[in-house]
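Each remark here refers to the structure printed beneath this line.
Residue numbers (the UniProt record's numbering), protein chains in the order written: chain E, 1 to 114; chain U, 1 to 106.
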């Protein structure tokens, strides 16, 4: 699903709203999250997850094509950690898709050394 | 350092769009729920200018309980990965996020 598909679905589900209002809602949400991260703030949405920034130290990298050394400056990167509820939903969704057994078979367990 | 929550985001929607506070909060919840449902179905969600949420399958592996040292089987599972867009990466580093400086968004 893309941003525009998300907007189209929200428009269909909320006929009393104007399309441009729905677009504004979606852009406000992501713009506010981006802005908070740019200020170094944390965004915590219980059940969904938390957006934070992580600091990466300066390092000496290499141009993979030429092998030349280049210095990479210290930077911060955006990071998202899924909340417990979302993590569980995604994992259960994956198991039912693949029709995995709830537990490994006894035969597989015996392969493990003590 | 302050933390942004649902209340902050709902308040922004209220201020920007002019819906009631109740409806602003409910629409925020709908946005998050649509994203969660898509990911639950194993599909990825790509928000241009922000980033991509996708589901990755992890294989079975043997882990170890760090306290007891006993080996345990870790079952195959699905995990969520968020890949920030170039625009967001630039923005958190205080750059404009102008695409021309950065190359492709993915």
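Idealized CB from N, CA, C, for every residue including glycine.
Bridge partners - residue i, DSSP secondary structure assignment
| i | result |
| --- | --- |
| residue 66 of chain U | Paired residues: none, contrary to the question. |
| residue 84 of chain U | U:51 |
| residue 78 of chain U | U:57 |
| residue 56 of chain E | E:75 |
| residue 26 of chain U | Answer is none; residue 26 of chain U lacks a bridge partner. |
| residue 13 of chain U | In the DSSP output, where bridge partners are listed per residue, residue 13 of chain U has none listed. |
| residue 44 of chain E | E:50 |
Contact with chain U by residue i, beta-carbon distance below 7 Å
| i | result |
| --- | --- |
| residue 63 of chain E | no |
| residue 11 of chain E | no |
7 Å Cβ cutoff, residue i in contact with chain E
| i | result |
| --- | --- |
| residue 105 of chain U | Caution applies to residue 105 of chain U, whose pLDDT of 47 falls short of 50 and renders its modelled position unreliable; the model cannot decide the point. |
| residue 119 of chain U | Nothing about residue 119 of chain U can be read from this structure; chain U reaches only from 1 to 106. |
| residue 13 of chain U | yes |
| residue 6 of chain U | yes |
| residue 85 of chain U | no |
| residue 16 of chain U | yes |
| residue 21 of chain U | no |
| residue 78 of chain U | yes |
| residue 10 of chain U | no |
| residue 2 of chain U | yes |
Cut-off 8 Å between Cβ atoms - residues of its own chain near residue i, not counting five sequence neighbours on either side
| i | result |
| --- | --- |
| residue 82 of chain E | 48, 49, 90 |
| residue 57 of chain E | 74 |
| residue 62 of chain E | 68, 69, 70 |
Nearest candidate by alpha-carbon position, reference residue i, set the options
| i | options | result |
| --- | --- | --- |
| residue 80 of chain E | U:77, U:41, U:88 | U:88 |
| residue 57 of chain U | U:40, U:26, U:46 | U:40 |
| residue 27 of chain U | E:10, E:32, E:30 | E:10 |
| residue 188 of chain E | E:5, E:59, E:69, E:30 | Missing from the structure shown is residue 188 of chain E; chain E here goes from 1 to 114 and no further. |
| residue 53 of chain U | U:85, U:71, U:67 | U:85 |
| residue 73 of chain E | U:55, U:6, U:2, U:93 | U:93 |
| residue 75 of chain E | E:84, E:63, E:59 | E:59 |
| residue 50 of chain U | E:62, E:77, E:88 | E:77 |
| residue 46 of chain U | E:66, E:1, E:93 | E:1 |
| residue 5 of chain U | E:61, E:51, E:3 | E:51 |
| residue 88 of chain E | U:7, U:30, U:55 | U:55 |
Close beta carbons around residue i, own chain, < 6 Å, minus the five adjacent residues each side
| i | result |
| --- | --- |
| residue 24 of chain U | 10, 13, 14 |
| residue 76 of chain U | 59, 60 |
| residue 36 of chain E | 43 |
| residue 3 of chain U | none |
| residue 26 of chain E | 7 |
| residue 64 of chain U | 71 |
Cross-chain neighbours of residue i in chain C, by beta carbon under 9 Å
| i | result |
| --- | --- |
| residue 91 of chain U | Chain labels in this structure do not include chain C; the protein chains are E and U. |
Closer than 6 Å: residue i CB and nearest the ligand SAM heavy atom
| i | result |
| --- | --- |
| residue 38 of chain E | The ligand SAM is absent from the structure shown, which contains no ligands of any kind. |
Same chain only: Cβ atoms within 7 Å of residue i, ignoring 5 sequence neighbours per side
| i | result |
| --- | --- |
| residue 80 of chain U | 39, 53, 55 |
### Where the region 31-54 of chain U meets chain E: residues whose CB sits under 8 Å from a CB there
Contacts with chain E (Cβ-Cβ distance below 8 Å) from the region 31-54 of chain U involve 31, 32, 34, 35, 36, 38, 39, 40, 41, 42, 43, 44, 45, 46, 47, 48, 49, 50, 51, 53, listed in chain order.
### Task
Report the residues of the region 79-94 of chain E with a CB closer than 9 Å to any CB of chain U, ordered along the chain.
Of all residues in the region 79-94 of chain E, 79, 80, 81, 82, 85, 86, 87, 89, 90, 91, 92, 93, 94 have a Cβ within less than 9 Å of some Cβ in chain U.
### Query
Between the region 20-34 of chain E and chain U, which residues of the former have a C-beta closer than 9 Å to a C-beta of the latter?
Listed by position, the residues of the region 20-34 of chain E near chain U (Cβ gap below 9 Å) are 21, 22, 24, 25, 26, 27, 28, 29, 30, 31, 32, 33, 34.
### Query
What are the residues of the region 46-75 of chain E that lie near chain U, defined by any Cβ-Cβ distance shorter than 7 Å?
Cβ contacts with chain U: 48, 53, 75.
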